[in-house]
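Peer 1: Can you read through this structure? Questions will come right after.
Number of protein chains: 2
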Amino acid sequence: MASLTLALDIMGGDNGPPVTLAGAKKALLAYPSLNLVLCGDEAQITPIVSQWPKSFASRYRIEHCTEQVSMDDRPTFALRNKRDSSMHRMLNLVKHEKADACVSAGNTGALMAIAYYVLKTLPGVDRPALISSLPTASHHKVYLLDLGANVNCDSEILFQYAMMGSVLAEQVSGIDKPRVALLNVGLEQIKGNDQVKQTAQILSNTPGINFIGYVEGHDIFTDKADVVVTDGFAGNIALKSCEGFAKLVLHEAKRLSNQNILTKIMAKVALPLLRKIYLRMNPDQYNGASLIGLRGIVVKSHGNANSDAFLYAIKEAIQEVSRQVPTKIKDKIETVLMERP
Amino acid sequence: MASLTLALDIMGGDNGPPVTLAGAKKALLAYPSLNLVLCGDEAQITPIVSQWPKSFASRYRIEHCTEQVSMDDRPTFALRNKRDSSMHRMLNLVKHEKADACVSAGNTGALMAIAYYVLKTLPGVDRPALISSLPTASHHKVYLLDLGANVNCDSEILFQYAMMGSVLAEQVSGIDKPRVALLNVGLEQIKGNDQVKQTAQILSNTPGINFIGYVEGHDIFTDKADVVVTDGFAGNIALKSCEGFAKLVLHEAKRLSNQNILTKIMAKVALPLLRKIYLRMNPDQYNGASLIGLRGIVVKSHGNANSDAFLYAIKEAIQEVSRQVPTKIKDKIETVLMERP
């Protein structure tokens with residue numbers, strides 16, 4: 006790996022510096038040519054990093070910030086009033102090419118708003134998208150986008166999302182000609198709302214995209230597609246419904262564990278398994294999400310992430326830097342648009 | 006219970022007469038004042054019902070139909086070309102008041118199209134909705150609508166759905182002043198697409214509805230609301246994503262059961278529990294769904310339903326008849342519209 010620099014929002018997330026810095030330390034250990042800019046409150050960061058190995062000293066610097074975006078700040082408020090927040094400063098470092106990418110476990114809405122404002126979209130991209138990968142039955146990944154960056158998507162935006170998702174699956178997961186599908190309420194051509202039908206029309210006439218047609222909600226997890234495209238309204242609701250459902254299954258198992266002796270034993274044994282499955286299934290927690298379509302790489306770790314999940318988000322950012330994802334998205338869009346009738 | 010007559014689509018569903026008739030028999034046993042019209046192929050029905058207790062003879066009749074809607078017929082095809090199908094005839098019996106309600110486990114799309122054509126909507130209702138109840142953590146029910154009857158919903162239709170869902174929760178589940186929420190991508194007022202924001206505005210100004218604001222996907226299962234309203238696109242995707250996710254959890258547990266001896270034991274114990282939870286969680290399979298907003302009661306059982314699930318759908322129909330759900334929806338809409346500024 007060539008030397009690269011990531012800017013980290015140390016103040017972001019429910020657990021703040023102790024967790025984000027523990028993830029940062031693991032990343033420095035795992036990637037010898039990685040350099041970090043630790044954005045946040047110097048007074049909180051210094052006592053922790055002073056415990057780090059002396060050999061790390063030349064590989065990080067603290068970017069002191071006087072503010073931080075809280076988890077319940079409204080996006081527009083955070084954008085307008087917290088210019089010296091660790092989140093805003095981290096994004097500025099990417100904009101001014103002082104960092105190759107950035108990672109935050111902070112307020113998702115604020116991150117999307119500030120990233121959009123600071124970095125701007127790539128040429129040919131109208132709106133950024135929030136994308137994450139989910140597990141499938143065959144242990145492959147499926148990318149789902151948009152997860153809530155943009156709730157009003159016309160066919161042009163869904164088309165751009167299909168291209169961006171395809172690039173991410175190809176570059177980050179190494180899938181050749183990723184199978185791209187549109188999420189719909191049925192498989193027949195006549196199904197769906199106008200945006201979806203128009204997007205299917207456009208994608209069918211786009212040789213650069215391996216469009217396989219529609220999939221339904223239950224197909225997300227069956228490895229029918231490598232990339233599933235939908236608007237930010239349906240995508241967010243699909244993801245969060247599954248998250249809620251997973252919690253309900255855990256809750257039900259716990260409840261049964263207090264019933265009679267047989268279900269008690271069953272539940273006691275099943276619970277660790279369920280927790281394991283839940284963790285693997287909870288994409289936001291486990292895999293993080295990327296904000297793509299911007300002139301820079303932004304990876305979002307879960308607000309409640311532990312240091313391993315934060316490390317995972319850092320790895321995702323490193324992968325996107327080494328595969329030059331924004332450039333590849335720009336190139337893809339240029340190529341596809343040139344081929345368009 | 007006063008005497009009532011249900012029309013059943015005996016040919017509908019993946020398993021056809023053996024299963025639907027087994028459900029019908031259980032219903033006759035459970036409800037002494039229930040009468041049934043068995044719509045379907047006489048040659049397939051007669052050998053089975055001839056085995057029924059002699060005392061049932063006066064309580065059912067066979068309505069012989071020469072056609073049946075198959076599970077993969079396109080809705081428009083079924084509507085135009087299968088006028089003598091068991092599904093179409095069943096709906097005609099309700100229209101001509103020869104039956105108080107009807108139940109089918111057949112092709113959902115065809116059922117929606119034919120029911121809409123045959124029965125028409127109630128005054129003040131633009132589109133029917135498909136509604137079902139899901140379990141929550143506190144073991145209450147939550148009603149979710151629309152599950153896919155109508156993918157393009159403006160605020161007026163979502164408003165009508167809120168009223169209809171509220172009536173069903175009140176009448177069928179006996180909930181006083183049901184808490185009605187709109188499904189959205191966040192809880193803040195500024196979140197969501199235009200339709201959702203406009204609907205929230207209307208509902209906030211409607212004293213006859215106990216509108217509690219927005220809920221997110223994961224809140225569906227947390228007993229925050231008694232009725233969750235969304236368009237048929239997002240509702241269908243939410244429901245089917247959870248169904249797919251539940252299958253993935255089962256699949257993962259099965260896979261682990263073939264790993265090492267420890268996970269093998271864990272999984273063997275966990276599997277029956279997971280299956281139990283899955284069944285309880287799979288609303289379509291377990292509870293059936295109702296098509297509401299029509300001038301008649303139509304209940305949809307799952308295509309792959311067993312006789313107990315079909316019985317459950319019959320019970321739902323009986324409950325809706327005894328509570329006069331269509332009349333209550335009509336009254337509610339009249340009252341609310343009169344109060345509207």
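Sequence order for the protein chains is A and B.
Residue numbers for the first sequence follow my numbering, beginning at 6 and rising by one.
Residue numbers for the second sequence follow my numbering, beginning at 6 and rising by one.
Yeah, the Cβ is synthetic: ideal placement off N, Cα and C, and Gly gets one too.
Alpha carbon to alpha carbon, how far is Cys158/A from Glu102/B?
Peer 2: The residue you call residue 158/A lines up with position 153 of the first sequence. The residue you call residue 102/B lines up with position 97 of the second sequence. Going by the C-alpha atoms only, they are around 45 Å apart.
Peer 1: Check whether the segment 230-237 of chain B touches the segment 170-178 of chain B, counting contact only when three or more Cβ pairs, one atom from each stretch, lie closer than 8 Å.
Peer 2: Yes: at least three Cβ pairs fall under 8 Å.
Peer 1: Nearest chain A C-beta to Lys252/B closer than 8 Å, yes or no?
Peer 2: Stepping through the second sequence from its first residue, residue 252/B is reached at position 247. Output row for Lys252/B: interface = yes.
Peer 1: Leaving aside the five residues before and after Ala318/A along the sequence, list all residues of the same chain whose C-beta is less than 6 Å from its C-beta, in chain order.
Peer 2: Position 313 of the first sequence, counted from the start, is the residue given in the question as residue 318/A. Result list for Ala318/A: Val108, Gly293, Val304, Ser306, in chain order.
Peer 1: What are the residues in the segment 210-242 of chain B lying within 9 Å of chain A by C-beta distance?
Peer 2: Of all residues in the segment 210-242 of chain B, Glu221, Gly222, His223, Asp224, Ile225, Phe226, Thr227, Thr235, Asp236, Gly237, Phe238, Ala239, Gly240, Asn241, Ile242 have a Cβ within less than 9 Å of some Cβ in chain A.
Peer 1: Who are the neighbours of Lys245/A on chain B, taking C-beta pairs under 9 Å?
Peer 2: Locating residue 245/A in the first sequence gives position 240, counting from the first residue. Those are Val190, Glu221, Gly222, His223, Asp224, Ile225, Ala243, listed as they occur along chain B.
Peer 1: Sort Ile217/A, Tyr219/A, Met95/A, Asn241/A by Cα distance to Asp224/B and report the nearest one.
Peer 2: Position 219 of the second sequence, counted from the first residue, corresponds to residue 224/B. Checked all of Ile217/A, Tyr219/A, Met95/A, Asn241/A; the closest Cα to Asp224/B is Asn241/A.
Peer 1: Any beta carbon of chain B sitting closer than 8 Å to that of Val130/A?
Peer 2: Within the first sequence, residue 130/A is the residue found at index 125, counting from 1. Not one chain B Cβ lies under 8 Å of Val130/A.
Peer 1: Is there a Cβ of chain B sitting closer than 8 Å to that of Val185/A, yes or no?
Peer 2: What you label residue 185/A is simply residue 180 of the first sequence in a count that begins at 1. False, the Cβ-Cβ gap to chain B never drops below 8 Å.
Peer 1: Between which two residues does the alpha helix (DSSP H) containing Pro140/A stretch?
Peer 2: Mapped onto the first sequence, residue 140/A falls at position 135. Counting along the chain, Pro140/A falls outside any alpha helix (DSSP H), though it belongs to the beta strand (DSSP E) covering 134-140.
Peer 1: Report yes or no: do three or more beta-carbon pairs, one from the segment 128-137 of chain B and one from the segment 207-219 of chain B, lie closer than 8 Å?
Peer 2: Contact fails: fewer than three Cβ-Cβ distances are below 8 Å.
Peer 1: What residues from chain A crowd round His256/B, counting only those whose CB sits closer than 8 Å?
Peer 2: One-based indexing of the second sequence puts residue 256/B at position 251. What His256/B touches in chain A: Ala142.
Peer 1: Say whether chain A places a C-beta atom closer than 8 Å to the C-beta of Glu161/B.
Peer 2: The sequence position of residue 161/B within the second sequence is 156, counting from 1. Not closer than 8 Å to any Cβ of chain A, the Cβ of Glu161/B fails to qualify, so no.
Peer 1: Could you tell me whether any Cβ in chain B is nearer than 8 Å to the Cβ of Val156/A?
Peer 2: What you label residue 156/A is simply residue 151 of the first sequence in a count that begins at 1. Closer than 8 Å: yes.
Peer 1: Compute the Euclidean distance between the alpha carbons of Glu344/A and Ile207/A, then round it to the nearest angstrom.
Peer 2: Start at 1 with the first residue of the first sequence, and residue 344/A comes out as number 339. Start at 1 with the first residue of the first sequence, and residue 207/A comes out as number 202. Approximately 12 Å, taken between the alpha carbons.
Peer 1: Can a CB atom of chain A be found closer than 8 Å to the CB of Gly197/B?
Peer 2: In the second sequence, residue 197/B corresponds to position 192, counting from 1. Interface residue, yes.
Peer 1: Mind checking which residues open and close the alpha helix (DSSP H) that includes Thr126/A?
Peer 2: On the first sequence, residue 126/A is found 121 positions in, with the first residue counted as 1. Thr126/A -> no alpha helix (DSSP H), and no H or E assigned at all.
Peer 1: So, under 8 Å CB-CB, Arg64/B and Leu33/B are touching, yes? Tell me the CB distance rounded to an integer number of Å.
Peer 2: For this step, residue 64/B is matched to residue 59 along the second sequence. For this step, residue 33/B is matched to residue 28 along the second sequence. Indeed they touch by this definition, with Cβ atoms about 6 Å apart.
Peer 1: With a cut-off of 8 Å, does the C-beta of Gly249/B fall near any C-beta of chain A?
Peer 2: Locating residue 249/B in the second sequence gives position 244, counting from the first residue. Interface residue, yes.
Peer 1: Which residues, in chain order, does the segment 92-118 of chain B contribute to contact with chain A at a C-beta distance below 9 Å?
Peer 2: The residues in question are Gly114.
Peer 1: Please name the residue or residues paired with Lys305/B in a DSSP beta bridge.
Peer 2: Taking the second sequence and counting its residues from 1, the one referred to as residue 305/B is at position 300. In DSSP, Lys305/B forms a bridge with Ser109/B, Ala294/B.
Peer 1: Between the alpha carbons of Val220/B and Asn189/B, how many angstroms are there, rounded?
Peer 2: Residue 220/B sits at position 215 when you count from the first residue of the second sequence. Residue 189/B sits at position 184 when you count from the first residue of the second sequence. Taking the straight line joining both Cα atoms gives about 6 Å.
Peer 1: Between the segment 34-50 of chain A and chain B, which residues of the former have a C-beta closer than 8 Å to a C-beta of the latter?
Peer 2: Those would be none; no residue qualifies.
Peer 1: Please list the partners that Gly153/A has in chain B, where partner means a Cβ-to-Cβ separation under 7 Å.
Peer 2: Here residue 153/A refers to the residue found at position 148 of the first sequence. Those are Val190, listed as they occur along chain B.
Peer 1: Taking the Cβ atom as the reference point for each residue, do Cys44/A and Leu9/A lie within a distance shorter than 8 Å?
Peer 2: Within the first sequence, the letter at position 39 stands for residue 44/A. Within the first sequence, the letter at position 4 stands for residue 9/A. Their beta carbons are not under 8 Å apart, which means Cys44/A does not touch Leu9/A by this criterion.
Peer 1: Quickly, what does DSSP pair His69/A with across the bridge? List them, please.
Peer 2: The residue labelled residue 69/A in the question sits at position 64 within the first sequence. Looking at the DSSP assignment, His69/A forms a beta bridge with Gly45/A.
Peer 1: Given this structure, state the Cα-to-Cα distance separating Met76/A from Asn311/B, to the nearest angstrom.
Peer 2: Here residue 76/A refers to the residue found at position 71 of the first sequence. Here residue 311/B refers to the residue found at position 306 of the second sequence. Looking at the two C-alpha atoms, the distance is approximately 47 Å.
Peer 1: So, using beta-carbon positions, are Gly153/B and Gly249/A closer together than 8 Å?
Peer 2: To locate residue 153/B, count along the second sequence from 1; it is residue 148. To locate residue 249/A, count along the first sequence from 1; it is residue 244. For Gly153/B and Gly249/A, no; Cβs fall outside 8 Å.
Peer 1: Starting from Leu188/A, trace the beta strand (DSSP E) both ways and give me its first and last residue.
Peer 2: Taking the first residue of the first sequence as position 1, residue 188/A is located at position 183. Residues 184-188.
Peer 1: Nearest-angstrom Cα distance between Ala7/B and Ser60/B?
Peer 2: Reading the second sequence from its first residue, position 2 is the one you call residue 7/B. Reading the second sequence from its first residue, position 55 is the one you call residue 60/B. About 19 Å.
Peer 1: Comparing C-alpha positions only, which one of Ser143/A, Pro37/A, Arg280/A sits nearest to Leu255/A?
Peer 2: To locate residue 255/A, count along the first sequence from 1; it is residue 250. Looking at the Cα atoms, Arg280/A is the closest of the given residues.
Peer 1: Hey, how far is the Cα of Val42/B from the Cα of Gly18/B?
Peer 2: Indexing the second sequence from 1 puts residue 42/B at position 37. Indexing the second sequence from 1 puts residue 18/B at position 13. Whole-angstrom Cα-Cα distance: 17 Å.
Peer 1: Glu68/A and Ser90/A - do their beta-carbons sit closer together than 8 Å?
Peer 2: Residue numbering aside, residue 90/A sits at position 85 when the first sequence is read from its first letter. Residue numbering aside, residue 68/A sits at position 63 when the first sequence is read from its first letter. Taking 8 Å as the Cβ cut-off, Ser90/A and Glu68/A do not qualify as a contacting pair.
Peer 1: Do Ile53/A and Met92/A have their C-beta atoms closer together than 8 Å?
Peer 2: Walking along the first sequence from the start, residue 53/A turns up at place 48. Walking along the first sequence from the start, residue 92/A turns up at place 87. For Ile53/A and Met92/A, no; Cβs fall outside 8 Å.
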